[in-house]
Amino acid sequence: MRMVFFTILGLMQEFTGVWVRDPRIQKEDFWHAYMDYEICIHTNSLAFTKKSSCVRRRYSEFVWLRKKLQENAMLVTHLPKLPPKNPFFSLNNAREIGARMEGLRKFLEEVVHSPVLLSDSCLHLFLQSQLSVKKIEACAEGRSRYTVSEAIHSFGSGNKRFESLSEENMEEEEDMHRESE
């Protein structure tokens, strides 16, 4: 029985699923609004701190991520393209929103399957924490009081469909951590 178990585990392939969904309009004030998207990851890859997570990101944060990956990879690898920025992007046009979400998903799919890019701390913080771009940079550069792994566990957001009991316990710990600050 034990040998069969190890054999089955030996045949398991690594996977990483990426979803971009649930577009929402966020209003900054009466005149300014933007759209953000839920980015969900489900994986068995050892490269990720959490096996499932969901965060919300806006297009400009994807632009920042691509630029940061480009700086950190230093032309070692080909970087996938983002969907083009459209100055006339309509927050109410379902076709445009769908095309942008698909472009963002394709971008992330290529990024998470590149070993060079997958080793970037900014990528993991972008995908698995709710930290702002400024705080991601500080954490990745060692200018915060928490490590990348601690940031992901403390400032991440899980997906209830994939959450395990241990992740629920982590949420309780996060609440206690926030109260102590």
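The sequence shown runs -20 to -1, 1 to 161 under mature numbering (1 follows the signal peptide of the UniProt record, and there is no 0).
Cβ atoms here follow ideal geometry from the backbone N, Cα and C, with glycine treated the same way.
Starting from the C-beta of residue i, find all residues in its chain whose C-beta is less than 7 Å away, skip the five residues before and the five after it, and write them out in chain order.
i, result
"residue 92", "-5, -3, 98"
"residue 16", "4, 6, 36, 37, 38"
Got a sec? Which residues, its chain only, sit under 6 Å from residue i by beta carbon, not counting five neighbours each side?
i, result
"residue 14", "6, 38"
"residue 154", "Note that residue 154 has pLDDT 40, beneath the 50 cutoff, so the model's placement of it is unreliable and the number below is only indicative. The residues are 134."
"residue 83", "63"
"residue 70", "76"
Does residue i pass the burial test, meaning 16 or more other C-beta atoms within 10 Å, or should it be called exposed?
i, result
"residue 9", "exposed"
"residue 30", "buried"
"residue 127", "exposed"
"residue 140", "With a pLDDT of 38 at residue 140, under the threshold of 50, the modelled position of this residue cannot be trusted, and the question is left open."
"residue -7", "exposed"
"residue 104", "buried"
"residue 28", "buried"
"residue 49", "buried"
"residue 51", "exposed"
Contact check, residue i vs residue j under 8 Å by CB: the rounded distance?
i, j, result
"residue 1", "residue 81", "7 Å"
"residue 26", "residue 106", "Residue 26 to residue 106, Cβ: 19 Å. No contact."
Looking only at its own chain, which residues have a Cβ that is under 8 Å from the Cβ of residue i, when we skip the five neighbours before and after it?
i, result
"residue 43", "62, 65"
"residue 68", "none"
Check whether the Cβ atoms of residue i and residue j sit closer than 8 Å, and answer yes or no.
i, j, result
"residue 19", "residue 32", "no"
"residue 120", "residue 134", "no"
"residue 200", "residue 129", "What is shown of the chain runs -20 to 161, which leaves residue 200 out entirely."
"residue 53", "residue 96", "yes"
Q | the stretch 61 to 74 / the stretch 82 to 91 touching (three or more Cβ pairs under 8 Å) | A | Touching, yes, given that three or more Cβ pairs across the two stretches are closer than 8 Å.
Q.
Using 8 Å as the cut-off, can you tell me whether the stretch 111 to 131 makes contact with the stretch 65 to 79, which would need three or more C-beta pairs spanning the two stretches below that distance?
A. no
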